[in-house]
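Numbering (the numbering used here), first residue to last: 19 to 352. Here the structure comes first, spelled out in structure tokens, and everything after it is commentary.
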Amino acid sequence: MYSVIAAGVVGSSFVEKLDLPNLVLSQRQGGAPGMLSYMERAMLAALTSKLYRGDGAIIDGGSFFGSSLVASASGLQTNPDFARMDFSGFPDARPLHGYELGFLPAPASDKIDKNRVFHGTPYVLGESFVPILEKNVDPYRDLISLHIGDLNEEVWEGAPIEIAFIDVCKTMRLNAHVSKQFYPSMIGGNSVLINQDFFFDRLPWIKVTMGYLRDYYRWEGQVFTSSIYTSIKDVPQEVADYDPFTQGSYEECLAYHDAVAFPGIERKYEYFLELSRGYLMALKDRKNDALEHLRAVADRYEDLLADEHTDRGNQFRMDRAVRQITNGNIFKVS
Numbered sequence: 019m020y021s022v023i024a025a026g027v028v029g030s031s032f033v034e035k036l037d038l039p040n041l042v043l044s045q046r047q048g049g050a051p052g053m054l055s056y057m058e059r060a061m062l063a064a065l066t067s068k069l070y071r072g073d074g075a076i077i078d079g080g081s082f083f084g085s086s087l088v089a090s091a092s093g094l095q096t097n098p099d100f101a102r103m104d105f106s107g108f109p110d111a112r113p114l115h116g117y118e119l120g121f122l123p124a125p126a127s128d129k130i131d132k133n134r135v136f137h138g139t140p141y142v143l144g145e146s147f148v149p150i151l152e153k154n155v156d157p158y159r160d161l162i163s164l165h166i167g168d169l170n171e172e173v174w175e176g177a178p179i180e181i182a183f184i185d186v187c188k189t190m191r192l193n194a195h196v197s198k199q200f201y202p203s204m205i206g207g208n209s210v211l212i213n214q215d216f217f218f219d220r221l222p223w224i225k226v227t228m229g230y231l232r233d234y235y236r237w238e239g240q241v242f243t244s245s246i247y248t249s250i251k252d253v254p255q256e257v258a259d260y261d262p263f264t265q266g267s268y269e270e271c272l273a274y275h276d277a278v279a280f281p282g283i284e285r286k287y288e289y290f291l292e293l294s295r296g297y298l299m300a301l302k303d304r305k306n307d308a309l310e311h312l313r314a315v316a317d318r319y320e321d322l323l324a325d326e327h328t329d330r331g332n333q334f335r336m337d338r339a340v341r342q343i344t345n346g347n348i349f350k351v352s
């Protein structure tokens, strides 16, 4: 049974008991700057405060300025069992492990402004933001181990993982690497996985991977673009080593993409998943199928496309998908 908890938040009893709407205010009053929504920060704080047992590490893949790490660490400190937890057996004797490349790429064109501001913190694209990240997590450094650099080069040595927040699968390669390195170490039947880029109009490999792993993870709900899962059983290494997106057939990828139902999600997010399906078709060399699919999606979701004046709204996303699939420059900055 899934219920609508708030706008953009749907879940089973597992998500309901996190009581997220009542925790958002505390996240607004503190925390680090970043792109992660306050509701998603509340989700991480609730997981570490209410449900974390200390049996496994907490993975934070794609830490950016540290808002997700700070949310998890601050929640952990309020866990009633925190004082009794022993982290000495974890890598670096710390429960939280943050992975971050350390910079956002500079735009290819000099005509594009490189200056950005994230919740009051200025940043220049192409420059290292590691000093910002380190400053933001400094109050929790006894709990956090930072891994700076290309995650594709990182190896997880097999310590148990209790919570994994994944906000880094921006490429097929990273998606496959995350699966191989982390999922076999997640505690079977007693761990939580969150894919932050799931309910998004692009990155179809994430949906394909989670459809492929449907016998190992149960969908519990949604917090905006984050998709929440609980483990059903251990993921064997040989299962994680197989990349369904690059190794699976076109038909298999479509089946995996659509394998899991998401009852209760808003129509907007259904639309995003349909756009993702179109990108999948194009990336599997079915350009004509993809464009035909997008035409059908435009008809079916015509009511959502009357927002052409909204910055990066639904019409923008449709136009971008059609343009990029037509010219073959999929996922270029636009």
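Note that CB positions come from ideal geometry on N, CA and C, so glycine has one too.
- Take residue 332, set aside five residues on each side of it, and the residues of its chain with a beta-carbon closer than 8 Å to its own are 286, 289, 319, 322, 323 and 325, in chain order.
- A direct Cα-to-Cα measurement between residue 83 and residue 181 gives close to 20 Å.
- Exposure of residue 130 is indicated by the presence of fewer than 16 other C-beta atoms within 10 angstroms of its C-beta.
- Inclusion of residue 185 and residue 214 in the CB contact set at 8 Å is warranted, their separation being smaller than that value.
- Here residue 335 is buried: its Cβ has 16 or more other Cβ atoms, across all protein chains shown, within 10 Å.
- The beta carbon of residue 198 is closer than 6 Å to those of 258 and 259 in its chain, skipping five residues each way along the sequence.
- For the pair residue 117 and residue 85, the CB atoms are not nearer than the 8 Å cut-off.
- Close CB contacts of residue 108 within its chain, under the 7 Å cut and outside five residues either way in sequence, are with 75 and 177 (chain order).
- For residue 157, there is no enclosing beta strand (DSSP E), as DSSP marks it with neither H nor E.
- Residue 128 has its alpha-carbon roughly 44 Å from the corresponding atom of residue 235.
- In the three-state reduction of the DSSP assignment, residue 227 falls in the helix class, which pools H, G and I.
- Under the three-state reduction of DSSP output, residue 22 falls in the strand class.
- Proximity to residue 195 across 227, 209, 208 and 217 peaks at 227, based on C-alpha coordinates.
- Excluding residues up to 5 positions away in sequence, 28, 29, 30, 239, 281 and 282 lie with their Cβ nearer than 7 Å to the Cβ of residue 20 in the same chain.
- In the three-state scheme derived from DSSP, where H, G and I count as helix and E and B as strand, residue 139 is classed as strand.
- A distance of 8 Å or more separates the beta carbons of residue 188 and residue 294.
- Burial state of residue 35 is exposed, judged by a 10 Å Cβ sphere holding fewer than 16 other Cβ atoms.
- Pairing residue 155 with residue 87 gives a Cβ-Cβ distance under 8 Å.
- Cβ-Cβ distances below 8 Å link residue 52 to 82, 83, 84, 85, 86, 136 and 137 in the same chain, with the five nearest sequence neighbours on each side left out; the list follows chain order.
- Judged by DSSP in its simplified three-state form, residue 32 adopts helix.
- Judged by beta-carbon spacing, residue 162 lies within the 8 Å limit of residue 91, meaning their Cβ atoms are closer than that value.
- For residue 114, the CB contacts under 8 Å within the same chain, skipping 5 residues up- and downstream, are 75, 76, 78, 87, 90, 91, 94, 158, 161, 162 and 163 in chain order.
- Around the beta carbon of residue 73, a 10 Å sphere encloses fewer than 16 other beta carbons of the protein chains shown; the residue is thus reported as exposed.
- Close CB contacts of residue 62 within its chain, under the 7 Å cut and outside five residues either way in sequence, are with 86, 89, 90, 93 and 183 (chain order).
- Beyond the five residues adjoining it in sequence on each side, residue 50 comes within less than 6 Å, by CB distance, of 83, 84, 85, 88 and 154 in the same chain, given in chain order.
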